[in-house]
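Below: one structure, written as structure tokens.
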Amino acid sequence: MEERVKKIEEEVKAFLISSKEDLENFRLRFISKKGVVTSLFDDLKLASVDEKRKLGKVLNELKQLAEGKFKLLQETVENSNSIASDQIDLSLPVVANKTGNLHPLNLTRYRIIEIFERLGFNVSDGPEVEDDWHNFTALNFAENHPAREMQDTFFVEKNPDILLRTHTSNVQVRLMKNQKPPIRSIMPGRVYRNEAISARAHCFFHQVEGLYVDKNVGFSDLKQTLYHFAKEMFGKETKIRLRPSFFPFTEPSAEIDISCLICHGKGCNVCKYSGWVEIAGSGMVHPEVLKNGGIDPEEFTGFAFGMGIERITMLRYSINDLRLFSENDLRFLRQFKSVQ
Ligand code: PHE
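Under the working numbering, the residue at position 176 of the sequence shown is numbered 1288, and the numbers go up by one with no gaps.
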């Protein structure tokens, strides 16, 4: 009998249970009143007193082993069945996936593109690593213009001819070289200048260049285009102001200001108490630049402008530190919705 107990003990240990059915079979064989363990107890009744003492203990241990295993596996099998198909609640609302946000500079870039696309401008692209000719010479920069000096321009290695573009105006030149007028294009992109990083300056930032070359393009077209842009971007009440300025590649040149969105002209620290904030440089494309682009200045005229995406974004969302755009602080970035 001792041997039978041993054998059944082995059997209990080896019995694999992975479903409700297995569990029931286990119960019938080892736990139920008709099972093998009960029948061993029945046999024990016939044994001698000595044997009863000895085998009683072993049999009790076997019973406990079987019951312990049954209890443990009963819980596991039942838990794993709690997500059985008949228990899935199809009416539960879906937990939405968390999507990221667009970067505020991208939100502004997309809005700028949208406004100009409605005026018939397309979007062009150009290289950030540029040669001197496209970034400076073709744009009529004099040989000794201070912008070429090391303090403003990042040169690539020791080659003074290859540099990181200091503005998006290089794309103007590439467009004129590759296309015939009419050209009506905006060119967003990243630019680099060797400046100390602070709340108001950074060694890289973003611009959107604009170029319109056709027959009879006049200064009034430039003014009206940028006035329309300012109202679309900042609201109908926005006024613009043009100040005479100088760029080697435009003549005449003008700086574009908009009325201060914060104080509406009364004066505050955003507009430095002037009531106006600068948003772009602009002007009529210089005849020399048209020539360098392979366009006859006797036949065609054009206007160009360049605006800072950071500056516009800061005005749009009342942001006062340029560094926030490149620090990737999620507390900052999560404040911007994906919709414009
Ligand atoms: N490239 C000029 C700048 O970076 C802006 C500009 C573009 C001015 C086009 C006039 C025409 O400041």
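All residues carry an ideal CB built from backbone N, CA and C; glycine is no exception. Bear in mind the structure is a predicted one, so any value in this text is a computation, not a measurement.
- Put simply, the segment 1327 to 1336 does not touch the segment 1300 to 1307. Fewer than three CB pairs are less than 8 Å apart.
- The DSSP-derived three-state label of I1309 is coil.
- The DSSP-derived three-state label of H1318 is strand.
- For G1420, the pairing in a beta bridge is given by DSSP as Q1319.
- When secondary structure is reduced to three states using DSSP, A1250 falls in the helix class.
- A distance below 8 Å between beta-carbons, with the five flanking residues on each side excluded, links D1369 to the following residues of its chain, in chain order: I1352, R1353, L1354, R1355, W1388, V1389, E1390, I1391.
- Within the model, the alpha-carbon separation for A1254 versus F1448 is close to 43 Å.
- The three-state secondary structure of M1396, taken from DSSP, is strand.
- In the three-state reduction of the DSSP assignment, V1124 falls in the helix class, which pools H, G and I.
- In the structure shown, A1208 falls within a coil segment according to DSSP collapsed to helix, strand and coil.
- Counting the other CB atoms within 10 Å of its CB gives Q1176 a total below 16, which places it among the exposed residues.
- When distances are taken from the beta-carbon of F1444 to the heavy atoms of ligand 1, even the shortest one reaches 7 Å or more.
- In this structure P1258 is exposed. Its beta-carbon is surrounded by fewer than 16 other beta-carbon atoms within 10 angstroms.
- Among the bridge pairs identified by DSSP, S1297 is matched with N1234, L1323.
- Relative to the non-hydrogen atoms of ligand 1, the Cβ of E1307 never comes closer than 7 Å to any of them.
- The Cβ neighbour count for E1133, taken over all protein chains shown within 10 Å, is under 16; the residue is labelled exposed.
- When the Cα atoms are used, K1343 and L1202 turn out to be separated by approximately 49 Å.
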